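Here's the structure, in structure tokens; my notes come after.
2 protein chains.
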Amino acid sequence: MKIAVLGTGVVGKHLAAKLSRLGHEVVMGTRDPGATMTRSGSADTDDPPFSQWSLAHAEVGLATFADAAAYGEVVWNATRGWDSLPALGLAGAANLAGKVLIDTSRPLDTSAGFPPTLFVKDTDSLGEQIQRAFPEARVVKTLDTLYAHVMVNPGVLGEESTVFVAGNDPDAKATVTDLLTEFGHTDVIDLGDITAARGTEMMLPMWLRLMDALGTMAFNFKIVR
Amino acid sequence: MKIAVLGTGVVGKHLAAKLSRLGHEVVMGTRDPGATMTRSGSADTDDPPFSQWSLAHAEVGLATFADAAAYGEVVWNATRGWDSLPALGLAGAANLAGKVLIDTSRPLDTSAGFPPTLFVKDTDSLGEQIQRAFPEARVVKTLDTLYAHVMVNPGVLGEESTVFVAGNDPDAKATVTDLLTEFGHTDVIDLGDITAARGTEMMLPMWLRLMDALGTMAFNFKIVR
Chain A
-12 MKIAVLGTGV
-2 VGKHLAAKLS
8 RLGHEVVMGT
18 RDPGATMTRS
28 GSADTDDPPF
38 SQWSLAHAEV
48 GLATFADAAA
58 YGEVVWNATR
68 GWDSLPALGL
78 AGAANLAGKV
88 LIDTSRPLDT
98 SAGFPPTLFV
108 KDTDSLGEQI
118 QRAFPEARVV
128 KTLDTLYAHV
138 MVNPGVLGEE
148 STVFVAGNDP
158 DAKATVTDLL
168 TEFGHTDVID
178 LGDITAARGT
188 EMMLPMWLRL
198 MDALGTMAFN
208 FKIVR
Chain B
-12 MKIAVLGTGV
-2 VGKHLAAKLS
8 RLGHEVVMGT
18 RDPGATMTRS
28 GSADTDDPPF
38 SQWSLAHAEV
48 GLATFADAAA
58 YGEVVWNATR
68 GWDSLPALGL
78 AGAANLAGKV
88 LIDTSRPLDT
98 SAGFPPTLFV
108 KDTDSLGEQI
118 QRAFPEARVV
128 KTLDTLYAHV
138 MVNPGVLGEE
148 STVFVAGNDP
158 DAKATVTDLL
168 TEFGHTDVID
178 LGDITAARGT
188 EMMLPMWLRL
198 MDALGTMAFN
208 FKIVR
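Residue numbers (the numbering used here), protein chains in the order written: chain A, -12 to 212; chain B, -12 to 212.
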């Protein structure tokens, strides 16, 4: 499948590498491909400079948000939460219309330090904001409740854990569930329509507390029932 | 141990019954014991009229919030979230001073229907509000992330799941962890100080979505790591 991954950070890199390894044709989207290729990495070892990462993933393309979105049959939003609506605006409503738009963004406001807060919550969610801004896209919220490495390698935990889908379009959720299954996820719960993104996005503060308490990002929620 | 359980709803009934069965001496606290004894039950079969429940649990006492709190070495807040600060005010700061005050309340605002929202979140929590209002109490937030029946019978799920403690006093958290262990919980994560109640309380919207999606309240979160 032709998949656009918007965002070239930790989440985008993990998703693009995994999707490509699974045989999908992946083009990543960014504001300015030239700037992305010359940007230095962050302190995070999971987030090397894109140019370096790109050498090891030569089969993954890099284009503008608009060109990537035009290419993808499925578009995966892996941008930072505060940048998701602007980035998707650059991708262009016409390039998203009718397509499955997977949203893995988190509405974190890190401006006041740790712990970050959420810039939308409880009575609305970033998933809903995106669906409202792009009504012709078929938005599915997923994978916003776990770390990038675990998103695409759930087996590292050595035990089954749970991921979630929320969205208004059943067919879109089925497409996303298939991709999650390809990633190795064996327990996918359909939470209902896109308003359920309020639930998944509001797990972020707990995730951050758990990261702090456990001293690792290698964990995930499982719904025991 | 002498334990006061404040609140005579579903949560209070389950906690009091379990603690009593485990051999603790339990007095439940309410505004007006006479009114509680004559009140009819709710539609919830887990929430029979108190007079009827009381016949089957004659060893559990019923007193005013203040008398119950004065009796308890440990005080367990099982009142509804919007009523917790008023109820604890009636219990009295002097009756809470120095004691372990276990807080299982949830800051749900049900005034606008389903799904309810949270009347405090993200930058504050009900657990913190209670700790600030009663600075001499040693508040521990716990069991606000699962249904009453599963709180006291975790074995019904047939598989280990996780509960959490958050509070400023390590000894108080150890006391609570011992009680949770008596209940049958085998995985208790210490999330840190009382500000971590923001994390547990913000899981409520997800819990409600899961209840809706799964069609049951018999589930719990497990942290797979």
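Ideal Cβ placement from N, Cα and C applies to all residues, glycine included. Remember, predicted model here, so these are calculated numbers, not experimental data.
At least one C-beta of chain A is nearer than 8 Å to the C-beta of residue 186(B). Looking only at 189(B), 24(B), 182(B), 211(B), the smallest Cα-Cα distance to residue 146(B) is reached by 211(B). The segment -11 to -2 of chain B and the segment 6 to 18 of chain B touch, with no fewer than 3 CB-CB distances between them shorter than 8 Å. Going by DSSP, residue 76(A) is part of the alpha helix (DSSP H) stretching over 68 to 78.
Using a CB distance cut-off of 8 Å, residue 73(B) does not count as an interface residue toward chain A. For residue 146(B), the nearest CB of chain A lies under 8 Å from its own CB, placing it at the interface with that chain.
Under the Cβ criterion of 8 Å, residue 152(B) is not counted among the residues facing chain A. For the alpha helix (DSSP H) assignment, the uninterrupted runs of no fewer than 4 residues enclosed by the segment 22 to 47 of chain A are, from N- to C-terminal side, 37 to 43.
From the beta-carbon of residue 206(A), the residues of chain B found nearer than 8 Å are 210, 211, 212. Nearest CB-CB separation between residue 192(B) and chain A: below the 8 Å threshold.
For residue 181(B), there is no enclosing alpha helix (DSSP H), as DSSP gives it neither H nor E.
When Cβ-Cβ separations below 8 Å define contact, residue 183(A) makes contact with chain B.
One finds 196, 199, 200 in chain B with Cβ atoms closer than 9 Å to the Cβ of residue 179(A), taken in chain order. Flagged as an interface residue toward chain B: residue 203(A), by a C-beta distance shorter than 8 Å. In the DSSP annotation of this structure, the continuous segment of the alpha helix (DSSP H) that includes residue -1(A) starts and ends at -3 to 8. A contact is defined here as three or more CB-CB pairs under 8 Å, and the segment 190 to 206 of chain A meets this definition with respect to the segment 131 to 151 of chain A. Across the structure, residue 48(B) and residue 86(B) are spaced so that their CA atoms are roughly 20 Å apart.
The contact set of residue 105(A) on chain B, defined by CB atoms closer than 8 Å, consists of 109 in chain order.
Using beta-carbon distances, residue 89(A) does not count as an interface residue toward chain B, since no partner is under 8 Å.
In its chain, beyond the 5 residues on either side, 87, 125, 127 have a beta carbon closer than 6 Å to the beta carbon of residue 159(A). With a threshold of 8 Å between beta carbons, residue 15(A) makes no contact with chain B.
Look at residue 107(B) here: in three-state DSSP terms it is coil, with no helix or strand label. Counting C-beta pairs with one atom in each stretch, the segment 59 to 68 of chain B and the segment 29 to 42 of chain B have fewer than three that are closer than 8 Å, which means they do not touch. One thing to note: residue 64(B) has its Cβ no nearer than 8 Å to the Cβ of residue 77(B).
Between residue 121(B) and residue 167(B), the gap from beta carbon to beta carbon reaches 8 Å or more. Chain-order list of chain B residues neighbouring residue 189(A): 105, 108, 109, 189, 190, 191, 192, 193, by C-beta distance under 9 Å. For residue 54(A), no beta strand (DSSP E) encloses it; the enclosing alpha helix (DSSP H) starts and ends at 52 to 58. Burial is judged here by how many other beta carbons sit within 10 angstroms of a residue's own beta carbon; residue 148(B) has at least 16 and is buried.
Per DSSP, the beta bridge partners of residue 207(A) are 211(B). Per DSSP, reduced to three states, the secondary structure at residue -11(A) is strand.
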